[in-house]
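See structure below.
Residue numbers (the numbering used here): 276 to 835.
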């Protein structure tokens with residue numbers, strides 16, 4: 276290791292650096308464990324109500340769109356293997372202002388997942404009769420009661436303690452739970468398809484697509500996209516991977532493939548296992564009013580009460596495992612923004628276990644606050660999906676820009692047909708944002724403005740001589756993009772005024788997205804600035820195998 280790397284292993288004030296202790300299986304299970312969370316427990320019911328049997332198309336569409344975004348992340352994560360990558364890839368391409376915007380959206384989304392998963396756990400547990408009558412975790416509208424808030428806080432504290440004790444412990448616990456979390460859904464599929472398979476359900480209640488293509492699209496932000504989120508968690512912890520260049524891309528691809536196949540099978544099993552009598556007229560109420568445990572209900576109805584018991588156990592393990600990982604991801608994102616000096620430097624403080632302790636505690640506090648304004652599972656899903664769409668959108672545009680500005684750098688994995696797939700990925704992310712609905716989108720716009728307040732306060736606390744250049748010119752595309760998308764949502768057909776005609780709204784999103792994408796690529800930082808930013812991070816992260824010969828250099832600029 277070079278002297279610069281050794282020096283970089285200590286952050287400001289002599290704090291310890293992150294420990295590289297996670298291998299391929301740990302990385303893969305981090306992503307897979309994030310994908311298999313509360314989405315499989317609650318997503319199938321929500322999407323079936325919205326789209327009927329055509330919800331199967333929603334899963335296929337979402338998987339195809341997110342696969343492009345996952346592969347873009349895979350190339351970036353393998354090429355630039357650092358902690359909090361989703362915040363730092365845009366930083367490399369466009370500078371601190373764009374990097375902060377991406378990081379803030381990423382952090383907001385990640386920090387809200389842990390309370391979402393806790394609420395999913397409590398929703399399932401409340402279906403158990405003696406718990407419902409003696410503890411009463413949920414109000415009739417699905418919000419948490421006071422006992423629910425207390426138990427939810429216990430889970431959040433448990434996530435915090437495990438994360439603070441070290442990444443090896445967190446990764447090991449997640450790997451064990453991820454195996455269980457994968458086995459239980461597979462068992463559920465096999466049992467339900469064996470005991471109750473009604474092929475007629477796929478055309479019941481108004482036909483295969485009772486709400487047309489609108490239902491297919493509307494189901495995406497209502498649970499489908501949310502369920503498939505999480506593939507990037509291996510990238511967020513790349514700064515703690517033993518061999519990131521080799522393992523990150525493989526971990527992301529394998530986790531995404533397994534998760535997609537599993538969710539599609541679960542939706543098929545759910546639809547086929549329903550009692551045909553309840554689908555005579557519509558899909559509005561396929562398993563009963565106020566029923567937050569659809570698979571457990573179906574298991575009981577088909578005579579597999581033992582499976583219902585396993586499902587209630589998994590209702591604790593699956594969401595809790597995902598919440599544990601997302602708290603770790605949120606901590607790495609705020610750690611990354613602290614290193615970039617766009618959030619307070621105290622967030623980079625690393626404890627004896629070589630994890631960002633202050634950032635982890637911040638994730639706990641904000642997660643606790645999230646229980647208050649958004650106290651139910653469904654209330655948070657739309658907002659998180661909208662934030663995830665913006666977070667994911669930064670990856671393909673950054674990838675395209677970095678291929679142009681930093682093209683000579685070694686890329687262990689390359690996105691096939693990157694010049695086509697990158698703009699396509701940006702379009703897909705914007706479509707998901709639009710389908711999330713105006714109600715979630717405008718709130719996310721307010722959250723973005725709040726982030727810039729924190730950025731301004733952070734910079735005021737930094738001596739003028741130490742403030743880095745924000746590179747506002749390179750970020751000129753960001754606010755026109757965000758404002759434009761919110762305006763399209765305002766007049767669109769998903770929670771907006773519906774002033775835009777059907778299908779024309781999608782055409783407008785696509786054309787607008789392509790215009791923003793190519794404008795952004797042209798506004799990227801020059802090659803020498805990109806190389807300087809990457810070199811600084813490599814020295815600080817002590818990336819295995821990174822050296823001046825592998826960094827690409829300023830001369831590596833202009834390949835497409």
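The C-beta atom is built at its ideal place from N, Cα and C for all residues, glycine as well.
List the endpoints of the continuous alpha helix (DSSP H) containing residue i.
i	result
residue 765	753-766
residue 901	A query on residue 901 cannot be resolved here, the shown segment of the chain reaching from 276 to 835 and no further.
residue 556	Element bounds for residue 556: n/a, residue is neither H nor E.
residue 586	580-614
residue 720	713-735
residue 493	487-494
residue 701	693-710
residue 775	No alpha helix (DSSP H) holds residue 775; DSSP gives it neither H nor E.
residue 793	779-797
residue 573	569-576
When the distance is taken between beta carbons, is residue j closer than 8 Å to residue i?
i	j	result
residue 418	residue 412	no
residue 763	residue 709	yes
residue 607	residue 569	no
residue 350	residue 634	no
residue 437	residue 599	yes
residue 661	residue 494	no
residue 473	residue 547	yes
residue 611	residue 359	yes
residue 812	residue 363	yes
residue 509	residue 527	yes
residue 714	residue 626	no
residue 703	residue 343	yes
residue 731	residue 757	no
residue 389	residue 602	yes
residue 396	residue 591	yes
residue 733	residue 618	yes
residue 749	residue 367	no
residue 795	residue 672	yes
residue 402	residue 579	no
residue 515	residue 439	no
residue 476	residue 541	no
Per DSSP, which residues does residue i bridge with? Please list them.
i	result
residue 512	358
residue 297	516
residue 625	631
Quick check on the burial criterion: 16 or more other C-beta atoms within 10 angstroms. Buried or exposed for residue i?
i	result
residue 429	exposed
residue 384	buried
residue 315	buried
residue 333	buried
residue 565	The pLDDT assigned to residue 565 is 49, lower than 50, so where the model puts this residue is not dependable; a value taken from the coordinates is nonetheless given after this. Exposed, because fewer than 16 other Cβ atoms sit within 10 Å of the Cβ of residue 565.
residue 644	exposed
residue 408	exposed
residue 297	buried
residue 773	exposed
residue 761	buried
residue 752	buried
residue 801	exposed
residue 843	Given that the chain is displayed from residue 276 to residue 835, the structure contains no residue 843 and the question cannot be resolved.
residue 480	buried
residue 695	exposed
residue 465	exposed
residue 531	buried
residue 377	buried
residue 741	exposed
residue 844	For residue 844 there is no data in the structure shown, the boundaries of the chain being 276 and 835.
residue 498	buried
Using a threshold of 7 Å, is the CB atom of residue i nearer than that to any non-hydrogen atom of the ligand ATP?
i	result
residue 657	This structure lacks the ligand ATP; in fact it carries no ligand of any kind.
If we define contact as Cβ-Cβ less than 8 Å, is residue i a contact residue for chain D?
i	result
residue 475	No chain D is present in this structure, which holds just one protein chain.
Mind listing, in chain order, the continuous alpha helix (DSSP H) runs of no fewer than 4 residues lying wholly within the segment 364-441?
-> Segments of the alpha helix (DSSP H) lying fully in the segment 364-441: 371-400, 404-409 and 421-440.
Could I get the ranges of all uninterrupted alpha helix (DSSP H) runs contained in the segment 294-339, with 4 residues as the minimum, in chain order?
-> The segment 294-339 contains these whole alpha helix (DSSP H) runs: 299-310 and 313-326.
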